[in-house]
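Novice: Mind looking over this structure? Questions follow.
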Amino acid sequence: MGDYSKLISNTLNTTPWSTENESAILAPYTYLTSAPSKETLRHLADALNDWLKVEPTQLEIIVRIAQALQNDSLLFDDIEDGSELRRGQPVANSVFGIPQTVNAASYIVIKVYKDALELRAIMKNIVPGSAPEEIITEELLNAHRGQGMDILWRDLVRCPTEDEYVDMIKNKTASLFRILMRLMMACATERKAVNYIPLMDLIGVMYQIRDDYSNLLDTTYSDTKGFAEDLTEGKFSFPLVHAIRADESDTQLLDIIRQRPKSPTLKRQALSYMENQTKSFDYTLAALRALQERIDEEVRALGGNSKLERLLNKLRIH
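With this note's numbering applied, the sequence shown corresponds to residues 335 to 652, in that order.
The structure is reproduced here in structure tokens:
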């Protein structure tokens, strides 16, 4: 019979988790975050803090949480959408494999909750519904509901109505903006009674529709994500929903979407149809302008914020 004393000893002793192992299991996440990004949420937090005056230590944790969840959602999205490029480089799961990428993304969510506990420990006067872990849980449920509907429509090749689509992106995309805003509101030292959530919903919907438009038409976007990648992914984006719903008797566009086209020729045919037949890009631009005007009105009603106005101006498609 062998000597198993070392096995027993190792079992009963706690081995410290090494930084090398931490780096290794986070490699897919680190790979994604190493690529250049616009850091929209950090800039947004900086602008919003002109109103809310969150203490620097708390604000840094809040931004860390929001950015981690945004980047994490991209890891999951790229797997669920079958994407090839993200921020101009091959998606993380194509480099590290799906199992390692899923584990890294799941690990980040747990680390976010650890950050939430750290934030809660230094918060003052936590009122019901304002605990960081409650806010994060509520909005992650919303995000997954939105993503779930997006995937369902794609897989069933069922085009949503515009109202259904907007509800979906309020859940999926605007949830990240609401997490940032709600955590900041919970830690605010000024203007505590003001409700900024409608503004975040407007910005979130505008941000996604802008992304939908850019995915199909912006050449810079093509370089970082691929040419009209939403068509290849079979995704019902805002311009596509308008085009398909504009004339439901004409199934040409729906038939192209069903094929998940990779051919530039077929994609250009779809884009031409949307541009010339249904005028869906004109409609999308008009919708973006209407949202931008409403956002401007909301900012003015909240007392104005020059830093936020400059940031929003950068997000405009002129």
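Virtual Cβ for every residue (Gly too), placed ideally from N, Cα, C. Owing to the predicted nature of the structure, the values given are computational and were not obtained by experimental measurement.
Check whether the Cβ atoms of isoleucine 442 and tyrosine 338 lie closer than 8 Å to each other.
Specialist: To locate residue 442, count along the sequence shown from 1; it is residue 108. To locate residue 338, count along the sequence shown from 1; it is residue 4. Not in contact: isoleucine 442 and tyrosine 338 (Cβ atoms no closer than 8 Å).
Novice: Are the CB atoms of leucine 588 and tyrosine 607 within a distance shorter than 8 Å?
Specialist: On the sequence shown, position 273 is the one that residue 607 refers to. On the sequence shown, position 254 is the one that residue 588 refers to. Contact flag unset, no.
Novice: Please classify asparagine 549 as buried or exposed, where buried requires at least 16 other C-beta atoms within 10 Å of its C-beta.
Specialist: The residue you call residue 549 lines up with position 215 of the sequence shown. Buried: at least 16 other Cβ atoms inside 10 Å.
Novice: How do the region 577-585 and the region 434-441 stand: do at least 3 beta-carbon pairs fall below 8 Å, yes or no?
Specialist: Touching, no.
Novice: Does proline 424 come out as helix, strand or coil in the three-state DSSP assignment?
Specialist: Translated into the one-based positions of the sequence shown, residue 424 becomes position 90. Note: proline 424 maps to strand in three-state DSSP.
Novice: Check the DSSP bridge columns for leucine 419 and list the partner residues they point to.
Specialist: The count along the sequence shown starts at 1 and reaches residue 419 at position 85. DSSP, once it has assigned bridges, lists Pro424 as partnering leucine 419.
Novice: By the three-class DSSP mapping on this structure, what secondary structure does valine 528 have?
Specialist: Taking the sequence shown and counting its residues from 1, the one referred to as residue 528 is at position 194. Coil.
Novice: What separation, rounded to the nearest whole angstrom, lies between the Cα atoms of serine 407 and alanine 439?
Specialist: Counting from 1 along the sequence shown, the entry for residue 407 is found at position 73. Counting from 1 along the sequence shown, the entry for residue 439 is found at position 105. Answer to the nearest angstrom: the Cα atoms are 8 Å apart.
Novice: Going by Cα to Cα distance, which pick from Ala361, Tyr617 and Lys569 is closest to arginine 488?
Specialist: Stepping through the sequence shown from its first residue, residue 488 is reached at position 154. Ranking Ala361, Tyr617 and Lys569 by Cα distance to arginine 488 puts Lys569 first.
Novice: Assess contact between the region 378-386 and the region 509-528, defined as three or more Cβ pairs (one per stretch) separated by less than 8 Å. Is contact present?
Specialist: With a cut-off of 8 Å, the region 509-528 and the region 378-386 count as touching, because enough Cβ pairs lie within range.
Novice: Rounded to whole angstroms, what is the Cα-Cα separation between isoleucine 342 and isoleucine 470?
Specialist: By 1-based counting over the sequence shown, the position of residue 342 is 8. By 1-based counting over the sequence shown, the position of residue 470 is 136. So the two alpha carbons sit approximately 40 Å from each other.
Novice: According to DSSP, simplified to helix, strand and coil, what is isoleucine 469?
Specialist: As a position in the sequence shown, residue 469 is number 135, starting the count at 1. Of the three classes helix, strand and coil, the one that applies to isoleucine 469 here is helix, per DSSP.
Novice: Use the C-beta contact count for lysine 648: other C-beta atoms within 10 angstroms, 16 or more gives buried, fewer gives exposed.
Specialist: Against the sequence shown, residue 648 aligns to sequence position 314. Exposed, because fewer than 16 other Cβ atoms sit within 10 Å of the Cβ of lysine 648.
Novice: I need the DSSP call for asparagine 639, collapsed to helix, strand or coil.
Specialist: Numbered from its first residue, the sequence shown carries residue 639 at position 305. In this structure, asparagine 639 counts as coil in the three-state DSSP scheme.
Novice: Can you give, in chain order, each stretch of the alpha helix (DSSP H) that sits fully within the region 569-619 and has at least 4 residues?
Specialist: For the region 569-619, whole alpha helix (DSSP H) runs of length 4 or above, ordered along the chain, are 572-580, 586-592 and 598-606.
Novice: From Ala604, Phe561 and Gly422, pick the residue whose C-alpha is nearest to that of isoleucine 578; which is it?
Specialist: One-based indexing of the sequence shown puts residue 578 at position 244. Checked all of Ala604, Phe561 and Gly422; the closest Cα to isoleucine 578 is Ala604.
Novice: So is proline 466 buried or exposed if we call it buried at 16+ other beta carbons inside 10 Å?
Specialist: Position 132 of the sequence shown holds residue 466. Answer is buried; the Cβ neighbour count reaches 16.
Novice: Tell me which same chain residues have a C-beta within less than 8 Å of the C-beta of valine 429, skipping the five on either side of it?
Specialist: Counted from its first residue, the sequence shown places residue 429 at position 95. Excluding residues within five positions, the ones whose Cβ falls inside 8 Å are Pro362 and Tyr365.
Novice: CA-CA distance, alanine 358 and tryptophan 351?
Specialist: What you label residue 358 is simply residue 24 of the sequence shown in a count that begins at 1. What you label residue 351 is simply residue 17 of the sequence shown in a count that begins at 1. If you take the alpha carbons of alanine 358 and tryptophan 351, they lie about 12 Å apart.
Novice: Going by CA-CA distance only, name the one from Pro532, Pro462, Met457 and Ala402 that's closest to glutamine 392.
Specialist: Within the sequence shown, residue 392 is the residue found at index 58, counting from 1. The option with the nearest alpha carbon to glutamine 392 is Met457.
Novice: Could you please give the first and the last residue of the uninterrupted alpha helix (DSSP H) stretch that includes proline 362?
Specialist: Within the sequence shown, residue 362 is the residue found at index 28, counting from 1. From DSSP, the alpha helix (DSSP H) with proline 362 extends over 361-368.
Novice: Please list, in chain order, all residues of the same chain as serine 509 whose beta carbon is under 6 Å from its beta carbon, the five residues on each side excluded.
Specialist: Translated into positions along the sequence shown, residue 509 becomes position 175. Taken in chain order, the residues that qualify are Glu473, Asn476 and Ala477.
Novice: Which stretch, first to last residue, makes up the alpha helix (DSSP H) that contains lysine 387?
Specialist: Here residue 387 refers to the residue found at position 53 of the sequence shown. Element bounds for lysine 387: n/a, residue is neither H nor E.
Novice: To which residues of the same chain is leucine 636 closer than 8 Å at the C-beta, ignoring the five residues directly before and after it?
Specialist: Counting from one through the sequence shown, the residue named residue 636 turns up at place 302. Hits under 8 Å: Trp385, Val528, Tyr530 and Leu533.
Novice: State yes or no: is the C-beta of leucine 536 within less than 8 Å of the C-beta of leucine 622?
Specialist: What you label residue 536 is simply residue 202 of the sequence shown in a count that begins at 1. What you label residue 622 is simply residue 288 of the sequence shown in a count that begins at 1. Taking 8 Å as the Cβ cut-off, leucine 536 and leucine 622 do not qualify as a contacting pair.
Novice: Just confirm the distance between the C-beta atoms of proline 595 and threonine 566, as a whole number of angstroms; I'd bet it's less than 8 Å.
Specialist: Within the sequence shown, numbered from 1, the residue matching residue 595 stands at position 261. Within the sequence shown, numbered from 1, the residue matching residue 566 stands at position 232. Sure, about 6 Å apart at Cβ, within 8 Å.
Novice: Give the secondary structure of proline 350 by DSSP, where H, G and I count as helix, E and B as strand, and everything else as coil.
Specialist: Counted from its first residue, the sequence shown places residue 350 at position 16. In this structure, proline 350 counts as coil in the three-state DSSP scheme.
Novice: Taking only three categories from DSSP, how would you classify aspartate 545?
Specialist: Start at 1 with the first residue of the sequence shown, and residue 545 comes out as number 211. Residue state, collapsed to three classes: helix.
Novice: Please classify leucine 574 as buried or exposed, where buried requires at least 16 neighbouring CB atoms within 10 angstroms.
Specialist: Counting from 1 along the sequence shown, the entry for residue 574 is found at position 240. By the neighbour-count rule (16 or more Cβ atoms within 10 Å), leucine 574 is buried.
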